[in-house]
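Asker: Residue numbers (my numbering), protein chains in the order written: chain R, 1 to 334; chain V, 335 to 677.
Cβ atoms here follow ideal geometry from the backbone N, Cα and C, with glycine treated the same way.
Input: one structure, supplied below.
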Amino acid sequence: MSDVRIEPPDTTSLLEVRGLRTEFVVEDEVYRAVDGVDLTIGPGESVGLVGESGSGKTVTAMSILQLIPDPPGRIVGGSIEIDGVDLVRAPERVLRQVRGGRIACVFQDPLTSLNPVLPVGDQLTEMMRAHQDLDRRAARRRARELLDAVHIPHAERRLEEYPHELSGGMRQRVMIAMALANDPELLIADEPTTALDVTVQAEILDLLRELRERTGMSLLFITHDFGVVAELCDRVVVMYAGRVVEQAPVDKVFADAAHPYTRRLVDCMPRLGEGRRDLEVIPGLPPALNRLPDGCAFAERCDVVEEACRRGTIALEGYGEDRMVRCIRPGARP
Amino acid sequence: MSQEHVIGQRDVDRVSTTPVLEVRDLVKHFTARRRLLVPTPAPLRAVQGVSFQVQRGQALGIVGESGCGKSTLAKMIMGLHEPTSGTVLLEGRDVSEIPRTEFARRVQFVFQDPYSSLNPRKTVRQALDAPLRHLAGLDAPARRARTAELLDLVGLRAEFADRYPHEFSGGQRQRVGIARALASTADVLLLDEPVSALDVSVQAQVLNLLRELQQELGLTYVFIAHDLAVVENLCDEVGVMYLGRVVEQAPAEVLFGSPRHPYTHTLLSAIPTGDRSQRRLRLAAPAGANGPAGTDEGCAFAPRCYRVEDRCQTDLPPLSAEPAGHPVACHFADDTDPEEHAR
Numbered sequence: 001m002s003d004v005r006i007e008p009p010d011t012t013s014l015l016e017v018r019g020l021r022t023e024f025v026v027e028d029e030v031y032r033a034v035d036g037v038d039l040t041i042g043p044g045e046s047v048g049l050v051g052e053s054g055s056g057k058t059v060t061a062m063s064i065l066q067l068i069p070d071p072p073g074r075i076v077g078g079s080i081e082i083d084g085v086d087l088v089r090a091p092e093r094v095l096r097q098v099r100g101g102r103i104a105c106v107f108q109d110p111l112t113s114l115n116p117v118l119p120v121g122d123q124l125t126e127m128m129r130a131h132q133d134l135d136r137r138a139a140r141r142r143a144r145e146l147l148d149a150v151h152i153p154h155a156e157r158r159l160e161e162y163p164h165e166l167s168g169g170m171r172q173r174v175m176i177a178m179a180l181a182n183d184p185e186l187l188i189a190d191e192p193t194t195a196l197d198v199t200v201q202a203e204i205l206d207l208l209r210e211l212r213e214r215t216g217m218s219l220l221f222i223t224h225d226f227g228v229v230a231e232l233c234d235r236v237v238v239m240y241a242g243r244v245v246e247q248a249p250v251d252k253v254f255a256d257a258a259h260p261y262t263r264r265l266v267d268c269m270p271r272l273g274e275g276r277r278d279l280e281v282i283p284g285l286p287p288a289l290n291r292l293p294d295g296c297a298f299a300e301r302c303d304v305v306e307e308a309c310r311r312g313t314i315a316l317e318g319y320g321e322d323r324m325v326r327c328i329r330p331g332a333r334p
Numbered sequence: 335m336s337q338e339h340v341i342g343q344r345d346v347d348r349v350s351t352t353p354v355l356e357v358r359d360l361v362k363h364f365t366a367r368r369r370l371l372v373p374t375p376a377p378l379r380a381v382q383g384v385s386f387q388v389q390r391g392q393a394l395g396i397v398g399e400s401g402c403g404k405s406t407l408a409k410m411i412m413g414l415h416e417p418t419s420g421t422v423l424l425e426g427r428d429v430s431e432i433p434r435t436e437f438a439r440r441v442q443f444v445f446q447d448p449y450s451s452l453n454p455r456k457t458v459r460q461a462l463d464a465p466l467r468h469l470a471g472l473d474a475p476a477r478r479a480r481t482a483e484l485l486d487l488v489g490l491r492a493e494f495a496d497r498y499p500h501e502f503s504g505g506q507r508q509r510v511g512i513a514r515a516l517a518s519t520a521d522v523l524l525l526d527e528p529v530s531a532l533d534v535s536v537q538a539q540v541l542n543l544l545r546e547l548q549q550e551l552g553l554t555y556v557f558i559a560h561d562l563a564v565v566e567n568l569c570d571e572v573g574v575m576y577l578g579r580v581v582e583q584a585p586a587e588v589l590f591g592s593p594r595h596p597y598t599h600t601l602l603s604a605i606p607t608g609d610r611s612q613r614r615l616r617l618a619a620p621a622g623a624n625g626p627a628g629t630d631e632g633c634a635f636a637p638r639c640y641r642v643e644d645r646c647q648t649d650l651p652p653l654s655a656e657p658a659g660h661p662v663a664c665h666f667a668d669d670t671d672p673e674e675h676a677r
């Protein structure tokens, strides 16, 4: 197996995930949810992690945060380095400083991530005081500033409110405010707008873009929506069956995807302005994660498959000057 | 309002026929339970006078954001909510006078989440058996044959009949849900967000299936969804709802091609397309700014509207196709171009 890895042009990366493998063991069956993922995020860079359900994007994010429930899950290989510290081997004490500190996260459903019996102000100040040496009064002032920063009107009054008193969009703004509380270098956002209406989603995307420009933080944005990625991200990483199959600058993925899976995924999205028409489909289903085939996991459903696709391990290799593809026929068309 | 405007002008000879499904001035208020010493809050007006017609073989899309009343509307058509006022007509007959079994033979519901709408302890065959026996009135050998036919129709293998819901993927379960709706002999399907829980590649399969079935069997759809691209992909006619009212209705290509209501403009511009150069419309106020539905004072969209003027705060704009074009509820329907008016 060729072990070629292409360094991104900027070698001073903030986060470096190398060969990450995360498994779940259920009733003696081993499910390889993440099967050798390499992922690099530079300072200030915005990376979109795209894939369908079960492709391993959320497990990748949870692995970075060391939040995989064990049992049944376990990181069985690889490293996750942020500034030279390997999170896979770091003690819990260090991890607690990193989570919510240097790496913050926002999840899909803010109502389950917020404490229903505490006013949002208390939750914000608790978050800050766990990481910074702040007295109550200073923390309170900073909490108000944060709500202002995420454009929540009447911040002073909102601090006293409970999560159920806020709309979905407002709750997600509170979650983003909490994530920003300790000036993170990396924000991991896992489908943060999926549960929101389109007009609210548009506002949250605008907010994230604005905050990124202002603070210079990096963003790992997990979604199944290519449109959202294109609005917010510089680079896209596409996952299929626990592996990265393509990495490319955003515009190239839309115009000219190199991996057959990426190309067909882009093709099966309905787009406004195209009217009533049959959509392209990808026949079949992704392989079961406890029965991954030899060779390419997409081979069964691929329209340019050949005999060699089903043998050995296919590596993620450089393609063109700024892309990587896990395919022996990158760019091929049927 | 002339009838052509209600169904769109595409098919003039259909005008004379009775619509398969018609909704007339449907209203639903939810009232909080009266409690001692606590003032009763004003009723929540979920649906405030919605009317439309659907012709045989047509697909009508209802779009709108959460809380606009689209699901309440569907439940009233289905008879799951009693309307506060207004009527639902099936081929000209008031559905409140149609016996439930007869109604169920004609109209069926497909839900968003096929996992929670299928009984986990029944195989597909058992799930299909009840409607085939009681609604389609088939004997055992005929039911067996029809089950195989239905599975084939929705693209599932015949041997899947003896499997349980948990053995299927999300897309396959939605196919089972569609097969079950068709088992009753229904020709009108109410589809409430049928693809929004599915992955993109699976969503495409189910949308194609719905389109094929419609053409093959001449089905009539009321398709409720929040994803405008999905609605455009399947529907002839589209109604846009905002806080309990239809604010604009037109044939799909007209609605998406030349929208007239500021809310429709706003919705369309909010869709992430990937084109960063395309500047998004800025709402005058954040999405949370409007109160709950419930007043007749002025336009409900006024607090968020970029085209708002004083009279919008006091006069409720009627849904009207005047002076020219398709029905829209806006005082300035002919002058809503976001390029000119948005900040």
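Starting from the C-beta of Gly48 (chain R), find all residues in its chain whose C-beta is less than 6 angstroms away, skip the five residues before and the five after it, and write them out in chain order.
Answerer: Walking along the first sequence from the start, residue 48 (chain R) turns up at place 48. Taken in chain order, the residues that qualify are Phe221, Val229, Cys233, Val236.
Asker: Tell me, please, whether the segment 275-288 of chain R touches the segment 529-548 of chain V by the rule of three or more beta-carbon pairs shorter than 8 angstroms.
Answerer: Yes, the segment 275-288 of chain R touches the segment 529-548 of chain V.
Asker: Where does the unbroken beta strand (DSSP E) through Ala248 (chain R) begin, and where does it stop?
Answerer: The count along the first sequence starts at 1 and reaches residue 248 (chain R) at position 248. Its beta strand (DSSP E) spans residues 243-249.
Asker: Counting only beta-carbon separations shorter than 8 angstroms, does Leu562 (chain V) have a partner in chain R?
Answerer: The residue you call residue 562 (chain V) lines up with position 228 of the second sequence. True, the Cβ-Cβ gap to chain R drops below 8 angstroms.
Asker: Using a Cβ cut-off of 8 angstroms (strictly closer), state whether Thr228 (chain R) contacts chain V.
Answerer: For the purposes of this step, residue 228 (chain R) is taken as the residue at position 228 of the first sequence. First, the amino acid is wrong: residue 228 (chain R) is Val here, not Thr. For Val228 (chain R), the answer is yes, since a Cβ of chain V falls inside 8 angstroms of its Cβ.
Asker: Excluding the five sequence neighbours on either side, which residues of its own chain have a C-beta within less than 7 angstroms of the C-beta of Pro283 (chain R), listed in chain order?
Answerer: The residue labelled residue 283 (chain R) in the question sits at position 283 within the first sequence. Once the five neighbours on either side are set aside, the close Cβ partners of Pro283 (chain R) are Arg301.
Asker: Considering just the uninterrupted stretch of the beta strand (DSSP E) at Leu20 (chain R), what are its terminal residues?
Answerer: For the purposes of this step, residue 20 (chain R) is identified with residue 20 of the first sequence, where counting begins at 1. It spans 15-26 - the beta strand (DSSP E) in which Leu20 (chain R) sits, taken as one unbroken run.
Asker: In three-state terms, what does DSSP make of Gly168 (chain R)?
Answerer: Counting from one through the first sequence, the residue named residue 168 (chain R) turns up at place 168. The answer is helix: DSSP assigns Gly168 (chain R) an H, G or I state.
Asker: Start and end of the alpha helix (DSSP H) containing Gln382 (chain V)?
Answerer: Mapped onto the second sequence, residue 382 (chain V) falls at position 48. Run containing Gln382 (chain V): none in the alpha helix (DSSP H); it sits in the beta strand (DSSP E), 378-388.
Asker: Give me the Cα-Cα distance between Asp28 (chain R) and Asn290 (chain R), rounded to the nearest whole angstrom.
Answerer: On the first sequence, position 28 is the one that residue 28 (chain R) refers to. On the first sequence, position 290 is the one that residue 290 (chain R) refers to. Answer to the nearest angstrom: the Cα atoms are 10 angstroms apart.
Asker: Determine the burial state of Leu407 (chain V): buried for a count of at least 16 other Cβ atoms within 10 Å of its Cβ, exposed for fewer.
Answerer: Here the question's residue 407 (chain V) lines up with position 73 in the second sequence. The residue is buried, with at least 16 neighbouring Cβ atoms inside 10 Å.
Asker: If you measure from the beta carbon of Val198 (chain R) to each beta carbon in chain V, is any gap under 8 angstroms?
Answerer: Against the first sequence, residue 198 (chain R) aligns to sequence position 198. True, the Cβ-Cβ gap to chain V drops below 8 angstroms.
Asker: Taking all protein chains shown into account, do 16 or more other C-beta atoms lie within 10 angstroms of the C-beta of Val30 (chain R), making it buried, or fewer, making it exposed?
Answerer: Counting from 1 along the first sequence, the entry for residue 30 (chain R) is found at position 30. The residue in question, Val30 (chain R), is exposed, as its Cβ has fewer than 16 Cβ neighbours within 10 Å.
Asker: Any contact between the segment 48-63 of chain R and the segment 212-226 of chain R? By contact I mean 3 or more CB pairs, one from each, below 8 angstroms.
Answerer: With the cut-off at 8 angstroms, the segment 48-63 of chain R and the segment 212-226 of chain R touch.
Asker: Over the uninterrupted alpha helix (DSSP H) stretch that includes Pro286 (chain R), give me the two end residues.
Answerer: Mapped onto the first sequence, residue 286 (chain R) falls at position 286. Careful: Pro286 (chain R) lies outside any alpha helix (DSSP H) and carries neither H nor E.
Asker: In this structure, what does DSSP give as the bridge partners for Ser419 (chain V)?
Answerer: Counted from its first residue, the second sequence places residue 419 (chain V) at position 85. Note: Ser419 (chain V) sits in a beta bridge opposite V:Val361.
Asker: Compute the beta-carbon to beta-carbon distance between Leu601 (chain V) and Thr199 (chain R), rounded to the nearest angstrom, for a pair I have assumed lies under 8 angstroms.
Answerer: One-based indexing of the second sequence puts residue 601 (chain V) at position 267. One-based indexing of the first sequence puts residue 199 (chain R) at position 199. 7 angstroms between Cβ atoms; contact.
Asker: Quick check on Gly56 (chain R) - is its C-beta less than 8 angstroms from some C-beta in chain C?
Answerer: Annotation note: the requested chain C is absent from the structure, which comprises protein chains R and V.
Asker: Work out the CA separation of Gly552 (chain V) and Gly383 (chain V) for me, nearest whole Å.
Answerer: Reading the second sequence from its first residue, position 49 is the one you call residue 383 (chain V). Reading the second sequence from its first residue, position 218 is the one you call residue 552 (chain V). Taking the straight line joining both Cα atoms gives about 29 angstroms.
Asker: Determine, using beta carbons only, whether Glu156 (chain R) and Arg144 (chain R) come nearer to each other than 8 angstroms.
Answerer: The residue given as residue 156 (chain R) occupies position 156 in the first sequence. The residue given as residue 144 (chain R) occupies position 144 in the first sequence. In contact: Glu156 (chain R) and Arg144 (chain R) (Cβ atoms closer than 8 angstroms).
Asker: What did DSSP end up calling Phe679 (chain V) once you bin it into helix, strand or coil?
Answerer: Any question about residue 679 (chain V) goes unanswered here, given that chain V covers just 335 to 677.
Asker: Which residues does DSSP list as the beta-bridge partners of Ser535 (chain V)?
Answerer: In the second sequence, residue 535 (chain V) corresponds to position 201, counting from 1. Answer is none; Ser535 (chain V) lacks a bridge partner.
Asker: Gly320 (chain R) to Pro637 (chain V), Cα distance in whole Å?
Answerer: Working through the first sequence from its first residue, we reach residue 320 (chain R) at position 320. Working through the second sequence from its first residue, we reach residue 637 (chain V) at position 303. In a straight line, the C-alpha of Gly320 (chain R) is about 50 angstroms away from that of Pro637 (chain V).
Asker: Which of the three DSSP states, helix, strand or coil, is assigned to Pro260 (chain R)?
Answerer: As a first step, residue 260 (chain R) must be located in the first sequence, where it is residue number 260. Helix at Pro260 (chain R).
Asker: Considering only their Cβ atoms, is the gap separating Arg459 (chain V) from Asp486 (chain V) smaller than 8 angstroms?
Answerer: If you number the second sequence from 1, residue 486 (chain V) lands on position 152. If you number the second sequence from 1, residue 459 (chain V) lands on position 125. In this structure, Arg459 (chain V) does not lie closer than 8 angstroms to Asp486 (chain V) by Cβ.
Asker: Could you tell me if Phe24 (chain R) is buried or exposed, where buried requires 16 or more neighbouring beta carbons within 10 angstroms of its beta carbon?
Answerer: Numbered from 1 along the first sequence, position 24 holds the residue referred to as residue 24 (chain R). Result: buried.
Asker: Is it the case that the Cβ atoms of Leu424 (chain V) and Phe443 (chain V) are separated by a distance below 8 angstroms?
Answerer: Position 90 of the second sequence, counted from the first residue, corresponds to residue 424 (chain V). Position 109 of the second sequence, counted from the first residue, corresponds to residue 443 (chain V). Cβ distance not < 8 angstroms, so Leu424 (chain V) and Phe443 (chain V) don't count as in contact.
Asker: Can you give me the C-alpha to C-alpha distance between Glu587 (chain V) and Ala520 (chain V), rounded to a whole angstrom?
Answerer: Here residue 587 (chain V) is taken as the residue at index 253 of the second sequence, counted from 1. Here residue 520 (chain V) is taken as the residue at index 186 of the second sequence, counted from 1. Whole-angstrom Cα-Cα distance: 28 angstroms.
Asker: Have a look at Gly101 (chain R) and Ala181 (chain R) and give me their C-alpha separation to the nearest angstrom.
Answerer: Along the first sequence, one-based indexing puts residue 101 (chain R) at 101. Along the first sequence, one-based indexing puts residue 181 (chain R) at 181. Their Cα atoms are separated by approximately 8 angstroms.
Asker: Helix, strand or coil: how does DSSP classify Gln132 (chain R) here?
Answerer: Position 132 of the first sequence, counted from the start, is the residue given in the question as residue 132 (chain R). In this structure, Gln132 (chain R) counts as coil in the three-state DSSP scheme.
Asker: DSSP on Met575 (chain V), reduced to helix/strand/coil?
Answerer: Reading the second sequence from its first residue, position 241 is the one you call residue 575 (chain V). If DSSP states are grouped into helix, strand and coil, Met575 (chain V) belongs with the strands.
Asker: Under the assumption that Ala104 (chain R) contacts Leu187 (chain R) (Cβ atoms under 8 angstroms), give the Cβ distance between them as a whole number of angstroms.
Answerer: By one-based count along the first sequence, residue 104 (chain R) stands at place 104. By one-based count along the first sequence, residue 187 (chain R) stands at place 187. 5 angstroms between Cβ atoms; contact.
Asker: Assuming Pro448 (chain V) and Ser518 (chain V) form a contact by the criterion Cβ under 8 angstroms, report the distance between their Cβ atoms to the nearest whole angstrom.
Answerer: In the second sequence, the residue the question calls residue 448 (chain V) occupies position 114. In the second sequence, the residue the question calls residue 518 (chain V) occupies position 184. Pro448 (chain V) to Ser518 (chain V), Cβ: 16 angstroms. No contact.
Asker: Quick one: give me the first and last residue of the alpha helix (DSSP H) that Gly504 (chain V) is part of.
Answerer: On the second sequence, position 170 is the one that residue 504 (chain V) refers to. Counting along the chain, the alpha helix (DSSP H) containing Gly504 (chain V) begins and ends at 504-517.
Asker: For a contact defined as C-beta to C-beta under 8 angstroms, what are the partners of Leu289 (chain R) on chain V?
Answerer: Here residue 289 (chain R) refers to the residue found at position 289 when the first sequence is read from its first residue. Simply none; closest approach about 13 angstroms.
Asker: Do Leu147 (chain R) and Leu99 (chain R) come within 8 angstroms of each other at the CB atom, strictly closer than that value?
Answerer: Along the first sequence, one-based indexing puts residue 99 (chain R) at 99. Along the first sequence, one-based indexing puts residue 147 (chain R) at 147. The sequence shown places Arg at residue 99 (chain R), rather than the Leu named in the question. Not a contact, by the Cβ cut-off of 8 angstroms.
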